[in-house]
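As structure tokens, the structure follows; a few thoughts come after it.
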Amino acid sequence: MKDRLDQIKKDALAQIEAADALEKLNDVKVKYLGKKGELTAVLKSMKDVAPEDRPKVGQMVNETRAVIEEMLEATKTKMEKAIREEKLKQEVIDVTLPSKKSSVGHRHPNNIALEEVERIFVGMGYEVVEGPEVEYDLYNFEKLNIPADHPAKDEQDTFYINKDIVLRTQTSPVQARVMEQGKLPIRMIAPGRVFRSDEVDATHSPSFHQIEGLVIDKNVSFSDLKGTLEEFAKELFGPETKTKFRPHHFPFTEPSAEVDVSCFKCGGKGCRFCKGSGWIEILGCGMVHPHVLEMCGIDPEEYTGFAFGVGLERIALLKYEIDDMRLLYENDIRFLKQF
Ligand code: DAH
Numbered sequence: 006m007k008d009r010l011d012q013i014k015k016d017a018l019a020q021i022e023a024a025d026a027l028e029k030l031n032d033v034k035v036k037y038l039g040k041k042g043e044l045t046a047v048l049k050s051m052k053d054v055a056p057e058d059r060p061k062v063g064q065m066v067n068e069t070r071a072v073i074e075e076m077l078e079a080t081k082t083k084m085e086k087a088i089r090e091e092k093l094k095q096e097v098i099d100v101t102l103p104s105k106k107s108s109v110g111h112r113h114p115n116n117i118a119l120e121e122v123e124r125i126f127v128g129m130g131y132e133v134v135e136g137p138e139v140e141y142d143l144y145n146f147e148k149l150n151i152p153a154d155h156p157a158k159d160e161q162d163t164f165y166i167n168k169d170i171v172l173r174t175q176t177s178p179v180q181a182r183v184m185e186q187g188k189l190p191i192r193m194i195a196p197g198r199v200f201r202s203d204e205v206d207a208t209h210s211p212s213f214h215q216i217e218g219l220v221i222d223k224n225v226s227f228s229d230l231k232g233t234l235e236e237f238a239k240e241l242f243g244p245e246t247k248t249k250f251r252p253h254h255f256p257f258t259e260p261s262a263e264v265d266v267s268c269f270k271c272g273g274k275g276c277r278f279c280k281g282s283g284w285i286e287i288l289g290c291g292m293v294h295p296h297v298l299e300m301c302g303i304d305p306e307e308y309t310g311f312a313f314g315v316g317l318e319r320i321a322l323l324k325y326e327i328d329d330m331r332l333l334y335e336n337d338i339r340f341l342k343q344f
């Protein structure tokens, strides 16, 4: 019996040593220690052993089992450790490798220009306000002295939602909304998106942006308007910039003017940029029409004011020397990154 147990132990240990995977160890365990295993078979054959020898044989079986179990356990621990180490080695992260480059966005030239315009006017004590993009005909036209038969109301220019509601064609309706609130004096700019049924080309888009300006107070005169816009032009395009006020017509201002600035590219000599004239048109303006003041609940005998409207894209195109407006709407990061 002893020989048989020794043989089992020897075989089992040899197989444990030869095992090169956890599954093989498990096979050895089943083969020798399992329910139908060899050691169990020895125990089952105890009935053939003389009763007085049984305790001794039992002890020998237990010892054999203990040795095999211990060896199994030790080998399993060693194997698991090796597997862990191998896995760690494969998972090593090289922190010195260059990272993947993710491209970040960039501020849009429109936004850069808008922030610049806002900075200038906020510095002069103006408030920045907003109005709705979907606007009543009443504010977009009527209260701005643009009567029903005015050509600006033509369906070719205006996107109508219904007969009373439009996509605002200008930021000027914000003037009427602010005046109506009745808090005087007023010193505000209103930037925002406007819509016109225009074909897309290098200088037109069905949706673009304007910045409206409005000042209402006692004794506001045309020279206040001139001084303000001259200062604005100098801040925006440089201290050498000259301005020229050309008479013009807008229904909601009287008198009205368009403002040109001396070409900041050639200083007024004339170049490709200003089409040889030395001047570049940048905005429309005027003294708020007394009728507009009245319609918005302000007494024109007591208060006067001026207003102006600047095209934001126009400023961005000029300032950053971009020659096609469409580039502003494509948002190609390679283009945007340049500003
Ligand atoms: N709303 C005018 C336009 O879209 C621009 C404008 C001109 C606004 C004169 C004004 C102004 O406030 O006084 O062409």
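Going by this note's numbering, the first residue of the sequence shown is number 6, and it counts up by one from there.
For every residue, glycine included, the Cβ atom is placed at its ideal position computed from N, Cα and C.
Query: Chain-order list of residues whose beta-carbon lies under 8 Å from that of residue 39 (same chain, five-residue window excluded); Result: 45
Query: Reference residue 269; option with closest CA among 93, 284, 262, 263; Result: 284
Query: Exposure of residue 319, with buried meaning 16 or more beta-carbon neighbours within 10 Å; Result: buried
Query: Spatial neighbours of residue 150 in its chain, beta-carbon cut-off 8 Å, leaving aside the 5 residues before and after; Result: 256, 257, 294, 296, 297, 300
Query: Status (buried if at least 16 other CB within 10 Å, exposed otherwise) for residue 37; Result: buried
Query: The region 47-62 contacting the region 108-119, beta-carbon criterion three pairs below 8 Å; Result: no
Query: For residue 156, the three-state DSSP class (helix, strand or coil); Result: helix
Query: Residue 161 Cβ short of 7 Å to the ligand DAH heavy atom set; Result: no
Query: Whole-angstrom C-beta distance between residue 190 and residue 169, which should lie under 8 Å; Result: Rounded, the Cβ-Cβ distance is 31 Å, inconsistent with contact.
Query: Cα-Cα separation, residue 144 to residue 211; Result: 20 Å
Query: Pick from 334, 179, 310 that is closest to residue 205, judged by C-alpha positions; Result: 334
Query: Inter-stretch contact at 8 Å, needing at least 3 Cβ pairs: the region 309-325 / the region 156-164; Result: no
Query: Segment contact, 8 Å Cβ cut-off, at least three pairs: the region 73-90 with the region 25-35; Result: yes
Query: Per DSSP, the bridge partner or partners of residue 263; Result: 251, 289
Query: When 288, 93, 61, 137 are compared against residue 233, the one with the closest alpha-carbon; Result: 288
Query: Inter-residue spacing [alpha-carbon to alpha-carbon] between residue 251 and residue 104; Result: 58 Å
Query: Closer than 7 Å: residue 212 CB and nearest the ligand DAH heavy atom; Result: no
Query: Three-state secondary structure (DSSP) of residue 102; Result: coil
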